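Everything below concerns the one structure shown next.
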Amino acid sequence: MDAGDPSTSLAVTAADAPQSAKKKPAPKRFIHTPIPASILNDPTLAAAATSLLPAAYNFELHKTAHRIRSSGARRAALQLPEGLLLFSLPLSHLLGPFLAEDPSNDVLILADPTYGACCLGDRPAKALAADLLVHYGYRDIVVPQAKPLSAGEILGCTAPTLKKAEGVGVVVFVADGRFHLEAFMIANPAVKAYRFDPFLGVLVLEEYDHVGMKQARKEAVLAARKAKSWGVVLGTLGRQGSLKVLDRVVEHLEEKGLEHTVVLMSELSPTRMELFGDSVDAWVQIACPRLSIDWGEGFKRPVLTTFEFDVALGYVPGWWEKGSRQNGSGGGGSGCCSGSGTCGNGDCSSGDCGGDDFGGEYPMDYYSQDGGDWNGCYMKKKASTGERKPRVRIGSSVQVEEKQ
1 MDAGDPSTSL
11 AVTAADAPQS
21 AKKKPAPKRF
31 IHTPIPASIL
41 NDPTLAAAAT
51 SLLPAAYNFE
61 LHKTAHRIRS
71 SGARRAALQL
81 PEGLLLFSLP
91 LSHLLGPFLA
101 EDPSNDVLIL
111 ADPTYGACCL
121 GDRPAKALAA
131 DLLVHYGYRD
141 IVVPQAKPLS
151 AGEILGCTAP
161 TLKKAEGVGV
171 VVFVADGRFH
181 LEAFMIANPA
191 VKAYRFDPFL
201 GVLVLEEYDH
211 VGMKQARKEA
221 VLAARKAKSW
231 GVVLGTLGRQ
241 GSLKVLDRVV
251 EHLEEKGLEH
261 TVVLMSELSP
271 TRMELFGDSV
281 DAWVQIACPR
291 LSIDWGEGFK
301 RPVLTTFEFD
311 VALGYVPGWW
321 EKGSRQNGSG
331 GGGSGCCSGS
341 GTCGNGDCSS
351 GDCGGDDFGG
361 EYPMDYYSQD
371 GGDWNGCYMK
381 KKASTGERKP
391 RVRIGSSVQV
401 EEKQ
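Residues 1 to 404 in UniProt numbering are what the sequence shown spells out, letter by letter.
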């Protein structure tokens, strides 16, 4: 759903699309059409907004109903986070009448766990022959942007890093929970974060144990460096797993000559991981980094994120190592953090660690084009050669020389 757009988009095929030798599919055109008055003034939807559904949430009933009817969908699937599942049945009853008339028309409810936008249920919806999927629950919150996310959007695994030059010292997060806010706090430890709960009308200063988290993750990385055999977990819940990242992880393990086994898993937890016993020395999970960050100390074996995996195998320096390497203490040293792992308060006799990074920069860019190649969206920027290429007219192979 396009959360901030009051209109809807219909895809139509352009009749005048240029022909090509390979018969490429015609491009899609998106035409914005307003919601008709018959739906805006529908008495059933209007009554539901005040009686069946909470006023604090905007389920965009009119927009959804219009999208269902205008697309001619015969079967629609609804996906909601666990906190909103109690409203799934009223929503299905309200939206059902807008489906195309067909004996098999139905509104399905996908009740698998939905922790974030990464848990999009498009694959099960397709398997159930749903013509349309409505995914509820996630919205833009703050102004900064981490592409390909929308401007202001943050996820539990991805948040923009504010530059010191921007001079931002405080942010306000509007939500009844702090899971997604924590990603922003991890990426910006020096920025104060307030959370405004719209239901309670309370503004709270949120805090995060940056030093403790980074110390725990450092210990997991150091333990994993001793591993001879690895288990690679590919998350199958929604779109958490990435085959692109899986190929890269396996390639790195083969380069290092390390034994490895790939395991497919929908939900990863300490209890489930214990079922594998001592069959591997360390794990790397391609699912959600917060599983390692939040629950890391609950696992008997190190369970690393893909970023931490790169650190463990030496492809990128650790967050505690960057300062010492930049200050010339050698590639393998950890500088002033070699003992405790983090300085936190900036009390460091050697002066290698600053106090405003709380023990080093720990990236939260697992769904960002500007992050690292440990995530599936990373796009390497090609170095510019400075050479100007001839302009090519769209839809033609004829080069147009630029006027000097």
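C-beta atoms are modelled at their ideal positions from N, C-alpha and C, and glycine is treated no differently.
All of these numbers come straight from a predicted model, not from anything done at the bench.
### Message
Pop quiz: T114 and G137 are said to be a contact at Cβ under 8 Å. What is the actual Cβ separation, rounded to whole angstroms?
### Response
The residue labelled residue 114 in the question sits at position 114 within the sequence shown. The residue labelled residue 137 in the question sits at position 137 within the sequence shown. Rounded, the Cβ-Cβ distance is 7 Å, consistent with contact.
### Task
State the Cα-Cα distance for the pair V233 and D247, rounded to the nearest angstrom.
Counting from one through the sequence shown, the residue named residue 233 turns up at place 233. Counting from one through the sequence shown, the residue named residue 247 turns up at place 247. Distance between the alpha carbons of V233 and D247 is about 12 Å.
### Residue burial classification, Y57 (beta-carbon count within 10 angstroms, cutoff 16)
In the sequence shown, counting from the first residue as 1, residue 57 sits at position 57. Per the 10 Å Cβ criterion, exposed.
### Task
Hey, could you find the ends of the alpha helix (DSSP H) F309 is sitting in?
Indexing the sequence shown from 1 puts residue 309 at position 309. Start and end: 306–312.
### Task
For the region 72–84 and the region 39–52, state whether three or more C-beta atom pairs, one from each stretch, are separated by less than 8 Å.
no
### Task
Check M265 in the structure and name its three-state DSSP category.
Position 265 of the sequence shown holds residue 265. Strand at M265.
### Query
Taking Cβ positions, are L258 and W230 nearer each other than 9 Å?
One-based indexing of the sequence shown puts residue 258 at position 258. One-based indexing of the sequence shown puts residue 230 at position 230. Closer than 9 Å, so yes.
### Task
Could you please give the first and the last residue of the uninterrupted beta strand (DSSP E) stretch that includes L108?
The residue labelled residue 108 in the question sits at position 108 within the sequence shown. Its beta strand (DSSP E) spans residues 106–110.
### Message
Taking the alpha-carbon of L94 as reference, which of T236, I68, L155 has the nearest alpha-carbon?
### Response
The count along the sequence shown starts at 1 and reaches residue 94 at position 94. The candidate whose alpha carbon is nearest that of L94 is I68.
### Task
Report the rounded CA-to-CA distance for W320 versus A111, giving the unit in angstroms.
If you number the sequence shown from 1, residue 320 lands on position 320. If you number the sequence shown from 1, residue 111 lands on position 111. W320 and A111: Cα-Cα distance of roughly 41 Å.
### Neighbourhood of L120 by C-beta distance below 7 Å, restricted to the same chain and skipping five residues each side
In the sequence shown, the residue the question calls residue 120 occupies position 120. The beta carbon of L120 lies closer than 7 Å to those of H135, G238, R239 in the same chain, with the five residues before and after it left out.
### First through last residue of the alpha helix (DSSP H) which encompasses L132
Within the sequence shown, numbered from 1, the residue matching residue 132 stands at position 132. Per DSSP, L132 belongs to no alpha helix (DSSP H); it is in the beta strand (DSSP E), 132–135.
### Task
With a floor of 4 residues, list each alpha helix (DSSP H) that falls wholly inside the region 40–71, ordered by position along the chain.
Fully enclosed alpha helix (DSSP H) runs of 4 or longer: 43–51, 61–71.
### Task
Under 7 Å Cβ to Cβ from Q19, same chain only, skipping five residues before and after it: list those, please.
For this step, residue 19 is matched to residue 19 along the sequence shown. Legend: pLDDT at Q19 = 49, less than 50; position of this residue unreliable, value from coordinates given subsequently. Annotation for Q19: no residue places its beta carbon closer than 7 Å to its own, counting only its chain and skipping 5 residues before and after.
### Task
Could you check what DSSP says for residue 414 in three-state terms: helix, strand or coil?
Limits of the chain in this structure are 1 at one end and 404 at the other, which puts residue 414 out of reach.
### Task
Let me know if R290 comes out buried or exposed under the rule of 16 or more other beta-carbons within 10 Å of its beta-carbon.
In the sequence shown, counting from the first residue as 1, residue 290 sits at position 290. When all chains shown are included, R290 counts as buried.
### Query
So what does DSSP say about K192, is it helix, strand or coil?
Here the question's residue 192 lines up with position 192 in the sequence shown. It is a strand residue.
### Query
Taking the alpha-carbon positions, what's the R75 to E297 distance?
On the sequence shown, position 75 is the one that residue 75 refers to. On the sequence shown, position 297 is the one that residue 297 refers to. Spanning the alpha carbons of R75 and E297 requires a straight line of approximately 44 Å.
### Query
For the alpha helix (DSSP H) that contains Q215, what are its first and last residues?
Locating residue 215 in the sequence shown gives position 215, where the first residue counts as 1. Where Q215 is concerned, the enclosing alpha helix (DSSP H) stretches over 210–224.
### Message
Spatial neighbours of G339 within its chain, please: C-beta separation below 7 Å, excluding the five flanking residues on both sides.
### Response
Mapped onto the sequence shown, residue 339 falls at position 339. With a pLDDT of 36 at G339, under the threshold of 50, the modelled position of this residue cannot be trusted, and the question is left open.
### Query
Counting along the chain, where does the alpha helix (DSSP H) carrying V249 start and finish?
Here residue 249 corresponds to residue number 249 of the sequence shown, with the count starting at 1. V249 -> alpha helix (DSSP H) spans 243–255.
### Query
Apart from the five residues on each side of it in sequence, which residues of its chain come closer than 7 Å, Cβ to Cβ, to N188?
As a first step, residue 188 is located in the sequence shown; it is residue number 188 there, counting from the start. Cβ-Cβ distances below 7 Å link N188 to T161, L162 in the same chain, with the five nearest sequence neighbours on each side left out; the list follows chain order.
### Query
How would you write the range of the alpha helix (DSSP H) that W295 sits in, first residue to last?
Locating residue 295 in the sequence shown gives position 295, where the first residue counts as 1. Taken as a continuous stretch (DSSP letters only), the alpha helix (DSSP H) holding W295 covers 289–295.
### Task
Under 8 Å by Cβ, that's how I've got A183 and A159 pegged, so tell me the actual separation to the nearest angstrom.
Within the sequence shown, residue 183 is the residue found at index 183, counting from 1. Within the sequence shown, residue 159 is the residue found at index 159, counting from 1. Confirmed, Cβ separation roughly 4 Å.
### Task
Could you round the C-beta distance between T306 and I286 to whole angstroms and report it? I think they count as a contact, below 8 Å.
As a first step, residue 306 must be located in the sequence shown, where it is residue number 306. As a first step, residue 286 must be located in the sequence shown, where it is residue number 286. Right, their Cβ atoms sit about 6 Å apart.
### Query
Can you tell which of P198, K256, E166, V168 has the C-alpha that lies nearest to the C-alpha of R178?
Here residue 178 is taken as the residue at index 178 of the sequence shown, counted from 1. Checked all of P198, K256, E166, V168; the closest Cα to R178 is P198.
### Query
If you follow the beta strand (DSSP E) that A76 is part of, which residue opens it and which one closes it?
Position 76 of the sequence shown holds residue 76. Run containing A76: 75–79, per the beta strand (DSSP E) assignment.
#### Entry: CA-to-CA distance, K300 to G241, given in whole angstroms
For the purposes of this step, residue 241 is taken as residue 241 along the sequence shown, with counting starting at 1. For the purposes of this step, residue 300 is taken as residue 300 along the sequence shown, with counting starting at 1. Cα to Cα, G241 sits roughly 23 Å from K300.
### Message
I need the straight-line Cα distance from W295 to S269, nearest angstrom please.
### Response
For the purposes of this step, residue 295 is identified with residue 295 of the sequence shown, where counting begins at 1. For the purposes of this step, residue 269 is identified with residue 269 of the sequence shown, where counting begins at 1. Those two C-alpha atoms are separated by around 8 Å.
### Task
Express the C-alpha separation of D281 and V311 in angstroms, rounding to a whole number.
Position 311 of the sequence shown holds residue 311. Position 281 of the sequence shown holds residue 281. Straight-line Cα distance between these residues: approximately 16 Å.
### Inter-residue spacing [alpha-carbon to alpha-carbon] between M273 and W374
Position 273 of the sequence shown, counted from the start, is the residue given in the question as residue 273. Position 374 of the sequence shown, counted from the start, is the residue given in the question as residue 374. So the alpha carbons of these two residues sit roughly 22 Å apart.
### Task
Report the rounded CA-to-CA distance for H252 versus A224, giving the unit in angstroms.
Taking the first residue of the sequence shown as 1, we reach residue 252 at position 252. Taking the first residue of the sequence shown as 1, we reach residue 224 at position 224. Near 14 Å, if we compare the C-alpha coordinates of A224 and H252.
#### Entry: Sub-9 Å separation of L91 and F59 beta-carbons
As a working note, residue 91 is residue 91 in the sequence shown. As a working note, residue 59 is residue 59 in the sequence shown. In this structure, F59 lies closer than 9 Å to L91 by Cβ.
### Task
Determine the burial state of A55: buried for a count of at least 16 other Cβ atoms within 10 Å of its Cβ, exposed for fewer.
Translated into the one-based positions of the sequence shown, residue 55 becomes position 55. When all chains shown are included, A55 counts as exposed.
### Query
In or out: A220 buried (at least 16 other Cβ within 10 Å) or exposed?
Within the sequence shown, numbered from 1, the residue matching residue 220 stands at position 220. Answer is buried; the Cβ neighbour count reaches 16.
### Message
With a threshold of 8 Å on Cβ separation, who are the neighbours of H62 within its own chain once the five nearest residues in sequence on each side are excluded?
### Response
Position 62 of the sequence shown, counted from the start, is the residue given in the question as residue 62. Result list for H62: I35, I39, L40, D42, L45, in chain order.
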